[in-house]
Amino acid sequence: MKCQREKFNLQRKYAYLNCAYMSPLLKKVENAGIKGIKKKRKPFHITTSDFFEETETIRLLYAQLIDTPEPNRIVLIPSVSYGMANVVRNLPFNSGKILLADEQFPSNVYPWQSLNKDRFVVKIIKAPDSENRGTDWNEELFNSIDEETRVVALGHVHWSDGTLFELKKIRSRLDEVGGLLIVDGTQSVGALPFSIKEIRPDALICGAYKWLMGPYSIGLAYYGKKFDEGKPVEENWINRKNSEDFTGLINYQPRYQSGSLRYEVGEHSNFILVPMLHAAIKQLLLWEPENIQNYCDILMKDALDELQDLGYFIEDRNHRANHLFGVRLPNPELLHALKNSFRKNRVSVSLRGEAIRISPHVYNDELDVRKLLKAMREPIFASKH
3 MKCQREKFNL
13 QRKYAYLNCA
23 YMSPLLKKVE
33 NAGIKGIKKK
43 RKPFHITTSD
53 FFEETETIRL
63 LYAQLIDTPE
73 PNRIVLIPSV
83 SYGMANVVRN
93 LPFNSGKILL
103 ADEQFPSNVY
113 PWQSLNKDRF
123 VVKIIKAPDS
133 ENRGTDWNEE
143 LFNSIDEETR
153 VVALGHVHWS
163 DGTLFELKKI
173 RSRLDEVGGL
183 LIVDGTQSVG
193 ALPFSIKEIR
203 PDALICGAYK
213 WLMGPYSIGL
223 AYYGKKFDEG
233 KPVEENWINR
243 KNSEDFTGLI
253 NYQPRYQSGS
263 LRYEVGEHSN
273 FILVPMLHAA
283 IKQLLLWEPE
293 NIQNYCDILM
303 KDALDELQDL
313 GYFIEDRNHR
323 ANHLFGVRLP
333 NPELLHALKN
343 SFRKNRVSVS
353 LRGEAIRISP
363 HVYNDELDVR
373 KLLKAMREPI
383 FASKH
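Following the numbering used here, the numbering of the sequence shown begins with 3 at its first residue and continues without gaps.
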């Protein structure tokens with residue numbers, strides 16, 4: 003796969019290695035949004051079918067991306083917290099233990115903390131301070147699942163450092179105790195292969211503005227059979243039975259759309275954001291997540307070897323993703339100097355906890371990597387003189 007920079011409007015003077023913060027818009031995604039804005043100029047051209055057809059197409063495309071034969075289990079949501087709220091509201095348990103990986107993004111923490119503390123215990127599984135951090139963390143998560151475990155909620159990768167979680171192994175253990183696997187895929191789906199068929203999550207919730215290359219304030223959720231009879235967090239007209247018939251909307255309908263479609267957000271037909279997301283997912287299917295992983299691996303391999311030689315710590319490549327990884331400093335006192343170096347060299351990465359989070363994509367090239375290395379060498383060399 004060759005560099006795809008020409009498909010974006012990126013300035014050459016910046017090295018943007020920060021897709022985990024927010025993806026830049028593809029030109030075709032930007033154009034789809036502009037076209038959607040212009041469409042609202044002439045609302046007489048917006049028909050009843052426009053409220054449904056493009057979202058149905060997105061379901062079909064996204065089903066291919068996450069490898070599921072059931073597109074009607076996919077719904078549009080405005081945010082991860084919204085998608086998780088539907089999960090937490092409809093748990094098929096009255097009590098038990100909820101396991102969370104430590105230091106997750108708040109959208110996959112606050113909803114679980116809202117559960118009744120007299121009936122549910124939220125247990126945080128901390129990352130070990132060990133040489134084999136990824137292996138040991140997965141082992142700790144696996145061994146913490148017992149007969150009282152009702153839910154394990156985590157990402158496919160950890161959002162701050164790219165640690166890979168062994169979801170298939172965790173799923174198998176949860177099958178033994180009757181627990182649910184709830185996955186926040188925001189930092190992986192679109193750039194890392196994900197198979198509903200293989201992993202079998204009970205819910206997969208994703209914001210679209212990162213690795214799905216979409217706009218802000220829209221996302222996608224997959225809900226499994228355990229949630230088919232649940233009650234959504236909002237009561238809107240479009241998630242009710244027969245809402246496609248505009249002439250009958252005042253024949254108030256007590257029944258929801260079947261299965262997962264009841265969880266779709268109101269006004270999900272958004273005539274600006276939906277076409278943008280549509281264009282983004284089409285492009286991802288052309289690229290394919292496995293090719294994105296391979297591209298990032300080849301692009302960054304030599305650079306990561308050099309950073310390790312300089313004293314930076316990076317998780318073993320077998321236990322992290324190629325599109326998102328954390329780099330820990332040899333000396334925490336270098337952090338301030340490193341921030342200044344990134345700013346001076348116009349390198350965009352993120353600081354998350356104790357890690358520098360680097361997240362390349364197919365728009366990055368060797369010049370971006372050279373800028374990154376220069377910015378990370380300078381504080382090390384300065385500290386030795």
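No residue lacks a Cβ here, since even glycine has one placed at the ideal position from N, Cα and C.
Open item on the list: Can you check which of these residues, Y258, V185 and L251, is closest to L222 by C-alpha distance?
Closed with: V185
- [ ] Could you spell out where the beta strand (DSSP E) holding C298 opens and where it closes?
- [x] First-last for C298: P291 to D311, but that is the alpha helix (DSSP H), not the beta strand (DSSP E).
Task: For R322, the residue or residues it bridges with in DSSP - done: T165
Task: Y225 - DSSP class collapsed to helix/strand/coil - done: strand
Task: Alpha-carbon to alpha-carbon, D247 and N2 - done: This structure does not reach residue 2, given that the chain is present from 3 up to 387, and the question cannot be answered.
Open item on the list: Using 8 Å as the cut-off, can you tell me whether the region 78-90 makes contact with the region 288-304, which would need three or more C-beta pairs spanning the two stretches below that distance?
Closed with: no
- [ ] Output the boundary residues of the alpha helix (DSSP H) element that contains L336.
- [x] No alpha helix (DSSP H) holds L336; DSSP gives it neither H nor E.
Open item on the list: Which residue wins for smallest C-alpha separation from S51, given the options N320, E317, I240 and K373?
Closed with: I240
Open item on the list: Taking the alpha helix (DSSP H) that L251 belongs to, which residues open and close that run?
Closed with: Counting along the chain, L251 falls outside any alpha helix (DSSP H), and DSSP gives it neither H nor E.
TODO: Measuring alpha carbon to alpha carbon, tell me which of Q259, F167 and G209 ends up nearest E231.
DONE: Q259
- [ ] With a cut-off of 8 Å on the beta carbons, I'd call V179 and I147 a contact; round off their distance for me.
- [x] 6 Å
- [ ] Taking only runs that begin and end inside the region 51-119, name each unbroken beta strand (DSSP E) of 3 or more residues, in chain order.
- [x] 76-79 and 98-103
Open item on the list: Going by DSSP, what residue range makes up the alpha helix (DSSP H) through A193?
Closed with: Note, A193: premise wrong, no alpha helix (DSSP H); not H, not E.
Open item on the list: Quick check on E266: buried or exposed, where buried means 16 or more other Cβ atoms within 10 Å of its Cβ?
Closed with: buried
Task: Cβ pair count under 8 Å reaching 3, the region 300-308 against the region 276-283 - done: no
Open item on the list: Using CA atoms only, rank isn't needed, just tell me which of L287, H280 and Q255 is closest to N33.
Closed with: H280
Open item on the list: For N244 and Q310, I'd like the C-alpha separation in whole angstroms.
Closed with: 59 Å
Task: Beta-carbon proximity of R91 to V191, cut-off 8 Å - done: no
Open item on the list: Would the region 152-164 count as touching the region 99-115 if we require 3 or more Cβ pairs under 8 Å?
Closed with: yes
TODO: May I ask you to report which of helix, strand or coil DSSP gives I147?
DONE: coil
Task: alpha helix (DSSP H) segment containing L19, residue limits - done: Per DSSP, L19 belongs to no alpha helix (DSSP H) and is neither H nor E.
TODO: Put S385 into one of helix, strand or coil per three-state DSSP.
DONE: helix
Open item on the list: Between the alpha carbons of G250 and I48, how many angstroms are there, rounded?
Closed with: 19 Å
TODO: Kindly indicate which three-state DSSP category A129 falls into: helix, strand or coil?
DONE: coil
- [ ] Look at the Cβ atom of L326, then the Cβ atom of A22, and state whether they are nearer than 8 Å.
- [x] yes
Open item on the list: If you measure between the beta carbons of V31 and G216, is that distance less than 8 Å?
Closed with: yes
Task: Where I274 sits in the DSSP three-state scheme - done: coil
- [ ] Tell me, please, which residues DSSP counts as bridged to L27.
- [x] Partner(s): none; L27 has no beta bridge.
- [ ] Out of P195, L369, K40 and E150, point me to the one whose CA is closest to S97's CA.
- [x] E150
TODO: Can you grab the Cα-Cα spacing for the pair E335 / S343, in whole Å?
DONE: 14 Å
TODO: Check each candidate in K15, V89 and Q6 and name the one with the smallest Cα separation from K233.
DONE: V89
Task: Residues near L28 in its chain [Cβ-Cβ closer than 8 Å; skip 5 each side] - done: K9, F10, M215, A281, A282 and Q285
Open item on the list: According to DSSP, simplified to helix, strand and coil, what is R152?
Closed with: strand
TODO: Note the first and the last residue of the continuous beta strand (DSSP E) segment covering I392.
DONE: No answer is possible for residue 392: it lies beyond the span of the chain, which begins at 3 and ends at 387.
- [ ] Check the C-beta distance from S352 over to Y18 and give it rounded, since I have them as a contact under 8 Å.
- [x] At roughly 11 Å, the Cβ-Cβ gap does not stay under 8 Å, so S352 and Y18 are not in contact.
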